[in-house]
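Here numbering that gives the first Met the number 0 is used: position 67 in the sequence shown is 66, and no number is missing along the way.
Even for Gly, the Cβ is constructed at its ideal location relative to N, Cα and C.
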Amino acid sequence: MKTLPQTQPAKSSELRAPSAQDLPDYAPVPRSALGPALNEQGFYVGRVERNLYWITDGTYQSAFLTTRDGVVLLDAPPTIGHNIQRAVDQIAAENGVSNKVTHLVYSHHHADHGGASSLFDKSVTRIGHEETRRLLLRDNDPARPAPEETFQDRRTLEIGGERIELAWLGSNHSPDNIYIHLPEHDTLMLIDIVNAGWAPVYICNLTEDVQGYLGAPAKALAYPWKHFIGGHLGRLGTRDDVDLHQRYMADIDASVRKTLPTIDPTPYFQKYGNNMWAAVKGYLDECTDAAAAPVIEKYTGVLAAADVFTASTTFWVMESIRLDLGYASWVHP
Ligand SMILES: [Zn+2]
0 MKTLPQTQPA
10 KSSELRAPSA
20 QDLPDYAPVP
30 RSALGPALNE
40 QGFYVGRVER
50 NLYWITDGTY
60 QSAFLTTRDG
70 VVLLDAPPTI
80 GHNIQRAVDQ
90 IAAENGVSNK
100 VTHLVYSHHH
110 ADHGGASSLF
120 DKSVTRIGHE
130 ETRRLLLRDN
140 DPARPAPEET
150 FQDRRTLEIG
160 GERIELAWLG
170 SNHSPDNIYI
180 HLPEHDTLML
190 IDIVNAGWAP
200 VYICNLTEDV
210 QGYLGAPAKA
220 LAYPWKHFIG
230 GHLGRLGTRD
240 DVDLHQRYMA
250 DIDASVRKTL
260 PTIDPTPYFQ
270 KYGNNMWAAV
280 KGYLDECTDA
290 AAAPVIEKYT
300 GVLAAADVFT
310 ASTTFWVMES
320 IRLDLGYASW
330 VHP
């Protein structure tokens with residue numbers, strides 16, 4: 000599909016992939032999960048509210064605010080890449096305002112949301128959480144220069160007469176992921192927690208702190224806002240999307256707690272003898288599949304790709320319930 004990064008495919012004679020007709024089928028994507036059509040260059044740019052705009056390539060999202068002093072960019076995903084400036088140019092021309100990106104706010108340190116940062120090297124001031132700075136200095140990727148302006152818990156940006164409230168409310172998806180609230184635009188940007196209309200991708204959207212991840216939607220809903228920018232897929236979110244995501248995650252959590260005590264690991268240890276990891280894998284895979292099954296059934300047709308990724312997310316929630324919370328853990332007598 001044309002929204003994916005353009006890589007040069009190997010000649011078909013060199014490929015080892017199975018043919019398309021042998022690949023598994025999944026439930027259809029509900030129409031409600033999809034966003035507006037992309038233009039010929041592979042992006043869509045639209046107004047969120049007043050002078051706040053969002054950009055998508057169908058998989059990733061970024062946003063920007065046009066101000067009397069220039070443009071404030073919120074994340075720079077590399078899959079959107081040079082289309083970010085094209086989108087800014089288009090909106091600036093339509094509204095007769097500056098197209099110069101003067102500020103770039105990092106939501107968190109991950110390359111898939113900030114890897115086009117170095118495209119704006121000439122004029123931009125980078126802003127982010129102090130942990131984002133520490134991680135970017137450590138990981139030393141020239142595509143993502145560390146923010147020079149940092150904050151610890153909260154910071155209010157006043158740029159060109161516009162207000163942006165940044166807050167770090169504890170680790171979640173990553174240790175440094177922040178809440179970006181635009182109170183005068185009725186918008187909250189919180190990346191990699193809730194995918195509007197879709198199930199999370201692998202292991203709770205590749206989350207490092209599952210308990211922080213599970214608590215993040217309630218913190219998001221505690222802010223007043225109408226529009227939600229989640230960073231992924233093709234449409235903006237609403238408060239109902241965040242609420243639905245919360246119910247989905249709560250159902251996974253409840254299903255794990257209900258299922259875990261009912262599964263007997265003994266046959267796996269009998270079968271695999273001294274191969275401890277084979278036994279552990281068999282047992283935990285069975286727990287995962289048993290806990291995920293009712294959630295997949297309930298959310299197929301409600302959240303896109305519930306049948307694709309619920310098992311992966313269930314495994315990660317189960318591990319957090321076991322390891323962080325100590326559930327179903329026992330001490331040798
Ligand atoms: Zn991330």
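Does the distance from the C-beta atom of residue i to that of residue j stay below 8 Å?
{"i": "His-231", "j": "Thr-58", "result": "yes"}
{"i": "Ser-254", "j": "Pro-293", "result": "yes"}
{"i": "His-158", "j": "Ala-166", "result": "This sequence places Ile at residue 158; His is not what is there. For Ile-158 and Ala-166, no; Cβs fall outside 8 Å."}
{"i": "Ala-290", "j": "Thr-258", "result": "yes"}
{"i": "Thr-287", "j": "Met-317", "result": "yes"}
{"i": "Glu-285", "j": "Ile-262", "result": "yes"}
{"i": "Arg-125", "j": "Leu-103", "result": "yes"}
{"i": "Ala-304", "j": "Ala-198", "result": "yes"}
{"i": "Pro-174", "j": "Glu-207", "result": "yes"}
{"i": "Val-241", "j": "Leu-213", "result": "no"}
{"i": "Glu-130", "j": "Phe-150", "result": "no"}
{"i": "Ala-115", "j": "Pro-76", "result": "yes"}
{"i": "Asp-306", "j": "Ala-32", "result": "no"}
{"i": "Ser-106", "j": "Ile-83", "result": "no"}
{"i": "Thr-186", "j": "Ile-228", "result": "yes"}
{"i": "Arg-246", "j": "Gly-160", "result": "no"}
{"i": "Ser-311", "j": "Ile-192", "result": "no"}
Going by Cα to Cα distance, which pick from the options is closest to residue i?
{"i": "Pro-223", "options": "Ile-179, Asp-250, Val-193 and Ile-83", "result": "Ile-179"}
{"i": "Val-87", "options": "His-128, Tyr-43 and Lys-297", "result": "Tyr-43"}
{"i": "Val-100", "options": "Pro-182, Asp-74 and Ala-32", "result": "Asp-74"}
{"i": "Pro-216", "options": "Gly-169, Pro-182 and Trp-276", "result": "Gly-169"}
{"i": "Ile-190", "options": "Val-200, Pro-182, His-184 and Arg-85", "result": "Val-200"}
{"i": "Glu-183", "options": "Leu-51, Leu-220 and Gln-60", "result": "Leu-51"}
{"i": "Gly-325", "options": "Gly-214, Thr-299 and Gln-210", "result": "Gln-210"}
{"i": "Trp-53", "options": "Ile-90, Leu-22 and Ala-19", "result": "Ile-90"}
{"i": "Arg-85", "options": "Asp-56, Arg-67, His-112 and Asp-68", "result": "Asp-56"}
{"i": "Lys-355", "options": "His-108, Lys-297, Tyr-212 and Phe-314", "result": "Residue coverage of the chain in this structure runs from 0 to 332, which leaves residue 355 outside it and unanswerable."}
{"i": "His-172", "options": "Ala-19, Pro-76, Lys-218 and Asn-204", "result": "Asn-204"}
{"i": "Gly-80", "options": "Asn-274, Thr-65 and Leu-118", "result": "Leu-118"}
{"i": "Leu-235", "options": "His-108, Gly-34, Glu-161 and Thr-155", "result": "Gly-34"}
{"i": "Val-123", "options": "Gly-229, Leu-187 and Pro-146", "result": "Pro-146"}
{"i": "Tyr-298", "options": "Ala-16, Arg-153 and Pro-29", "result": "Pro-29"}
{"i": "Asn-94", "options": "Gln-60, Leu-136 and Gly-69", "result": "Gly-69"}
{"i": "Ser-97", "options": "Asp-120, Val-71 and Thr-78", "result": "Val-71"}
{"i": "Leu-135", "options": "Asp-152, His-112 and Lys-121", "result": "His-112"}
{"i": "Glu-48", "options": "His-331, Leu-64 and Ala-16", "result": "Leu-64"}
{"i": "Leu-181", "options": "Arg-154, Gly-41 and Asn-194", "result": "Arg-154"}
{"i": "Leu-302", "options": "Leu-283, Leu-243, Tyr-267 and Asn-274", "result": "Leu-243"}
{"i": "Gly-127", "options": "Asn-194, Glu-164 and Ala-278", "result": "Glu-164"}
{"i": "Asp-120", "options": "Asp-138, Asn-139, Arg-143 and His-108", "result": "Arg-143"}
Is residue i helix, strand or coil by DSSP?
{"i": "Phe-63", "result": "strand"}
{"i": "His-109", "result": "coil"}
{"i": "Ala-166", "result": "strand"}
{"i": "Met-0", "result": "Because the pLDDT of Met-0 is 45, which lies under 50, any placement of that residue in the model is unreliable, and the question is left without a value."}
{"i": "Val-100", "result": "strand"}
{"i": "Ala-303", "result": "strand"}
{"i": "Leu-118", "result": "helix"}
{"i": "Ile-295", "result": "helix"}
{"i": "Ser-31", "result": "helix"}
{"i": "Pro-26", "result": "This sequence places Ala at residue 26; Pro is not what is there. Three-state result, Ala-26: coil."}
{"i": "Ala-290", "result": "helix"}
{"i": "Val-330", "result": "coil"}
{"i": "Gly-325", "result": "coil"}
{"i": "Gly-272", "result": "coil"}
{"i": "Ile-262", "result": "coil"}
{"i": "Arg-256", "result": "helix"}
{"i": "Ala-16", "result": "coil"}
{"i": "Met-317", "result": "helix"}
Taking 7 Å as the cut-off, does the CB of residue i come closer than this to any heavy atom belonging to ligand 3?
{"i": "Gly-95", "result": "In terms of ligand content, the structure shown lacks ligand 3 and carries ligand 1 instead."}
Subject >> In chain order, each beta strand (DSSP E) run of at least 3 residues that lies wholly inside the region 222-250 >> reply: 226-228
Original post:
Residue ranges of each alpha helix (DSSP H) run of no fewer than 4 residues wholly in the region 122-164, ordered along the chain?
Top reply: 129-138
Subject >> Minimum length 3: unbroken beta strand (DSSP E) runs contained in the region 36-97 >> reply: 43-48, 51-55, 60-66 and 69-73
Original post:
How would the residue list near ligand 1 read, in chain order, if you kept each one whose beta-carbon is closer than 5 Å to any heavy atom?
Top reply: His-109 and Asp-191
Subject >> Within the region 170-215, ranges of the beta strand (DSSP E) (whole runs, at least 3 residues) >> reply: 178-181 and 186-188
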